[in-house]
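**Q** The structure that follows is given in the form of structure tokens.
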Amino acid sequence: MRFSELTGNRDSAARLKERIRQGTSFHAYLIDGPDGIGKRRLAYTAAQALMCENPREGEPCGECPACRKVAGGNHADLHYITTDGSSIKDEQIEGIQGILFAKPFDGDHTILIIDKADTMTPRAQNRLLKTLEEPAGSVRVFLLTEKRSDILPTIVSRSVVIRLKPVEAEEIRQFLIREHGASEKDAEIAAACSAGCPGRAVRLLQDEDFRQRRERSIACARALAEAESLPEFMQTLGEDLGDKEEALAFLDLVLSWYRDLLLLDLNAGSGIMNRDRTEELARAGKKVSRKQILQTMEELEKAKQDIMMNANKGYVIRNMYLKIRG
Ligand SMILES: [Zn+2]
165 MRFSELTGNR DSAARLKERI RQGTSFHAYL IDGPDGIGKR RLAYTAAQAL MCENPREGEP
225 CGECPACRKV AGGNHADLHY ITTDGSSIKD EQIEGIQGIL FAKPFDGDHT ILIIDKADTM
285 TPRAQNRLLK TLEEPAGSVR VFLLTEKRSD ILPTIVSRSV VIRLKPVEAE EIRQFLIREH
345 GASEKDAEIA AACSAGCPGR AVRLLQDEDF RQRRERSIAC ARALAEAESL PEFMQTLGED
405 LGDKEEALAF LDLVLSWYRD LLLLDLNAGS GIMNRDRTEE LARAGKKVSR KQILQTMEEL
465 EKAKQDIMMN ANKGYVIRNM YLKIRG
């Protein structure tokens, strides 16, 4: 993988590449962004660039033994840590400390990638901080976070912060076709529903139930405005919404439909998610006012909150319908 081949966030990738090329790379980088945005991909590309035996203008060659070992996850100087259960514990950082203070085994750098670094316990963070305060010259640490605010300010201030932003759906669509052999239609849908995160789009593409769930969510979105009664709505909704995560993902899909209706109402159709359904959206849009759209979005958000707090899903959904249509 090369910096220039990453999907989206070109500026961030180019800046990181430039630092590595000039040899001015910092000891610690904090790569922050939502799940599936490409944090790991960027960190591994940087690791390859740092380890590569024949880098070209800051890009890893991808072919030398070092590049291959990084890609295969078996480079002796590359260490990867992620959550053990729900958090990264002090012992995990302690376990790696000795390696960070020792000389690299194989090359010029010792690289530590801490995935889900925002789940480090306070003790683990304090231990890591000590390492960052007196870093060995050869050490590079990549902290990958979804919630940067959970990292100690003293760690953040010692890191170069790289914020990864959502990627254009069109770029994700092309990436899915190019690298995952997706059909035009599948790529379009997965890209549209990925909230700008390439990794999420790939997961959707591989999820056989996704298409079915999406159809159901659109039927549900329409029924929220058009069903004649609660029983009719519940019938359209169909069986159980699955576990908490599945129910939240489902409501997100329903929300995306209303967000699209709002965008169309505001004449901002270029940003819509359900791009393969524009005709149906236009028809549905004629049946609801802007006020109704906004109210429905608000109730959907409330329903998500309630489900997040473990309220009974069936009750939350019924209640939501009655509030919207009551
Ligand atoms: Zn190489």
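Converting from the sequence shown to our numbering requires adding 164 to each position, the first position being numbered 1.
We treat Cβ as the ideally placed atom computed from N, Cα and C, and that holds for glycine.
These numbers come from a predicted model, not from an experiment.
Using C-beta distances below 6 Å, list every residue in its chain close to residue 233, excluding the 5 sequence neighbours before and after it, in chain order.
**A** 239
**Q** What residues sit near ligand 1, counting only those whose C-beta is closer than 7 Å to one of its heavy atoms, in chain order?
**A** 212, 216, 217, 218, 219, 224, 225, 226, 227, 228, 230 and 231
**Q** Does residue 397 come within less than 9 Å of chain D when only Cβ atoms are used?
**A** The structure shown has no chain D; it contains just one protein chain.
**Q** Would you give the residue range spanned by the beta strand (DSSP E) that residue 304 belongs to?
**A** For residue 304, the enclosing beta strand (DSSP E) starts and ends at 303-309.
**Q** Is the beta carbon of residue 194 less than 9 Å from the beta carbon of residue 170?
**A** no
**Q** Which parts of the segment 224-303 are runs of the beta strand (DSSP E), unbroken and 3 residues or longer, counting only runs that do not cross its ends?
**A** Runs found: 242-245 and 274-278.
**Q** With distances taken from CA atoms, which of 378, 176 and 373 is nearest residue 416?
**A** 378
**Q** Check for me: the alpha helix (DSSP H) holding residue 467 runs from which residue to which?
**A** Where residue 467 is concerned, the enclosing alpha helix (DSSP H) stretches over 454-472.
**Q** Around the C-beta of residue 437, are 16 or more other C-beta atoms found within 10 angstroms, so that it is buried, or is it exposed?
**A** buried
**Q** Which same chain residues end up closer than 6 Å to residue 284 when comparing Cβ atoms and leaving out the 5 residues on each side of it in sequence?
**A** 252
**Q** Should residue 472 be labelled buried (16 or more other beta-carbon atoms within 10 Å of its own) or exposed?
**A** exposed
**Q** Span of the alpha helix (DSSP H) holding residue 325?
**A** DSSP places residue 325 in no alpha helix (DSSP H) but in the uninterrupted beta strand (DSSP E) bounded by 324-327.
**Q** Go to residue 315, then tell me how far its beta strand (DSSP E) extends in each direction, as first and last residue.
**A** Element bounds for residue 315: n/a, residue is neither H nor E.
**Q** Starting from residue 429, trace the beta strand (DSSP E) both ways and give me its first and last residue.
**A** Note, residue 429: premise wrong, no beta strand (DSSP E); alpha helix (DSSP H) at 408-429.
**Q** Between the segment 268-285 and the segment 312-319, can you find at least three pairs of beta-carbon atoms closer than 8 Å?
**A** The segment 312-319 makes contact with the segment 268-285, as at least three CB pairs between them are under 8 Å.
**Q** Please classify residue 186 as buried or exposed, where buried requires at least 16 neighbouring CB atoms within 10 angstroms.
**A** exposed
**Q** On the criterion of 16 or more Cβ atoms from any shown chain inside 10 Å, does residue 358 qualify as buried, or is it exposed?
**A** With 16 or more other CB atoms across the displayed protein chains lying within 10 angstroms of its CB, residue 358 is buried.
**Q** Look up residue 166 in the DSSP assignment and say whether it is helix, strand or coil.
**A** Coil.
**Q** Over the uninterrupted alpha helix (DSSP H) stretch that includes residue 350, give me the two end residues.
**A** 348-356
**Q** Nearest-angstrom Cα distance between residue 370 and residue 381?
**A** 19 Å
**Q** Within the chosen definition, does the segment 324-338 reach the segment 218-237 through at least 3 CB pairs nearer than 8 Å?
**A** no
**Q** Roughly how many angstroms separate the alpha carbons of residue 177 and residue 241, rounded to a whole number?
**A** 22 Å
**Q** Helix, strand or coil: how does DSSP classify residue 481 here?
**A** helix
**Q** Grab me the residues of residue 200's own chain with a C-beta within less than 6 Å of its C-beta, minus the 5 sequence neighbours each way, in chain order.
**A** 361, 363 and 364
**Q** What separation, rounded to the nearest whole angstrom, lies between the Cα atoms of residue 290 and residue 237?
**A** 27 Å
**Q** Give the DSSP-derived three-state secondary structure of residue 194 in the structure shown.
**A** strand
**Q** Measuring alpha carbon to alpha carbon, tell me which residue in 424, 349 and 313 is nearest residue 433.
**A** Taking only the C-alpha atoms, the option nearest residue 433 is 424.
**Q** Taking just the CA atoms, how far does residue 230 sit from residue 389?
**A** 58 Å
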